[in-house]
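This report concerns only the one structure given below.
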Ligand SMILES: [Mg+2]
């Protein structure tokens, strides 16, 4: 783990500062800093292209003893594709920059790239960079996606009254991380294997995100990378709305209770689920639920967007209403 240093800012405050300082307005840019991916319009009136980048660092984002090179490759591309999914783009290309310590074998490197290709969901590797690292493996990927018919779902499209939905199960990845941290490398029970796999090998919801964008039913969308309590405020702030969610309606990973986890707490604050959080206008919820393809991950309605800008309420299992604290994952927080 890196040395601890006191930090006077959070990831969110730094992003806001950069956004204010570099809020470039150019005709070919549809969306710059502040969403899951940037949206550019290379040819006026033509298709939009989306660009996103993510970094994975050894001992910060992963431990080499927990993850095989193949799985590290899969996860590295999946977390990038998840940002394209969150805006409804089709993955097309990616570049990989990899820094490796001297002891890394050629076999390790090839298995890593095989993992990337395996989980690339149709995107093609088009370049990158290789470098030596003095301290641990570093992976940085840029992924490029194409919108279809210029249909992109932004964080900012949410409206008060919209129903809020999530795909899949929340808190499973964090439950798996807890197992790994406790030394449970080869978990026996199926639920334990499932949790560890959710953490080490998340699947980007590209097909689902693309369908949501093309259907025109989603007003706003984000992928859940840092936890519901961090990512829900991001769509609320971008959309100028508030939200109310119900703990009883969250699709929690109940099995985590058997190894000491609090399923609701993990669903609210555990990161790295890479599920999609999106809103649908109340008037279209019936159509949405009827037309949502059964082959996609289950969707669950967890609450609504409200007119109270920035205020996020949680109705607890005790039915009491309280403000939801931002307790998800902040990349600069020292743990
Ligand atoms: Mg994201």
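Numbering (the working numbering), first residue to last: 462 to 796. The C-beta atom is built at its ideal place from N, Cα and C for all residues, glycine as well. Note that the structure is a prediction, hence the values are computed from the model and not measured.
* How long is the line joining the alpha carbons of residue 462 and residue 642, rounded to whole angstroms? -> Position 1 of the chain shown, counted from the start, is the residue given in the question as residue 462. Position 181 of the chain shown, counted from the start, is the residue given in the question as residue 642. With a pLDDT of only 41 at residue 462, under 50, the local geometry of the prediction cannot be trusted, and the value read off the model is given with reservation. If you draw a straight line from the Cα of residue 462 to the Cα of residue 642, it is about 13 Å long.
* Asked: For residue 644, which option in 652, 633, 657 has the closest C-alpha, if you only look at C-alpha atoms?
  -> On the chain shown, position 183 is the one that residue 644 refers to. For the residues 652, 633, 657, the minimum Cα distance to residue 644 belongs to 657.
* In this structure, does DSSP put residue 501 in helix, strand or coil? -> Here residue 501 refers to the residue found at position 40 when the chain shown is read from its first residue. Three-state result, residue 501: strand.
* To do: With a floor of 3 residues, list each beta strand (DSSP E) that falls wholly inside the stretch 502-559, ordered by position along the chain.
  => Taking only runs of at least 3 residues, the beta strand (DSSP E) segments lying wholly in the stretch 502-559 are 510-518.
* **Residue list, Cβ distance to ligand 1 heavy atoms smaller than 7 Å** => Taken from the N-terminal end onward, the list reads 497, 543, 544, 547, 683, 684, 686.
* Quick one: what's got a C-beta closer than 6 Å to residue 736's C-beta in the same chain, skipping five residues either side? -> Position 275 of the chain shown holds residue 736. Hits under 6 Å: 627, 628, 629, 685.
* Just the Cα atoms here: how many angstroms apart are residue 494 and residue 500? -> As a position in the chain shown, residue 494 is number 33, starting the count at 1. As a position in the chain shown, residue 500 is number 39, starting the count at 1. Distance between the alpha carbons of residue 494 and residue 500 is about 10 Å.
* Asked: Looking at the unbroken alpha helix (DSSP H) that takes in residue 780, where does it start and where does it end?
  -> Position 319 of the chain shown, counting from 1, holds the residue named residue 780. Note, residue 780: premise wrong, no alpha helix (DSSP H); not H, not E.
* What residues are listed by DSSP as bridge partners for residue 761? -> Taking the chain shown and counting its residues from 1, one reaches residue 761 at position 300. Under DSSP, residue 761 takes part in a beta bridge, and its partners are 627.
* To do: Measure how close the beta-carbons of residue 742 and residue 623 come, nearest whole angstrom, since I'm counting them as under 8 Å.
  => Here residue 742 refers to the residue found at position 281 of the chain shown. Here residue 623 refers to the residue found at position 162 of the chain shown. Yes, they are in contact, since the Cβ atoms of residue 742 and residue 623 sit about 6 Å apart, within 8 Å.
* To do: Within the same chain, show all residues whose beta-carbon is closer than 6 Å to that of residue 518, passing over the 5 residues directly before and after it, in chain order.
  => Working through the chain shown from its first residue, we reach residue 518 at position 57. 599, listed in sequence order.
* Taking the DSSP output, what are the residues bridged to residue 767? -> Position 306 of the chain shown holds residue 767. Residue pairing from DSSP places residue 767 in a beta bridge opposite 703.
* To do: Report all residues from its chain with a CB closer than 6 Å to the CB of residue 540; omit the five preceding and five following residues, and keep chain order.
  => Here residue 540 refers to the residue found at position 79 when the chain shown is read from its first residue. Cβ-Cβ distances below 6 Å link residue 540 to 515 in the same chain, with the five nearest sequence neighbours on each side left out; the list follows chain order.
* Return helix, strand or coil for residue 491, following the three-state DSSP convention. => Indexing the chain shown from 1 puts residue 491 at position 30. Three-state result, residue 491: strand.
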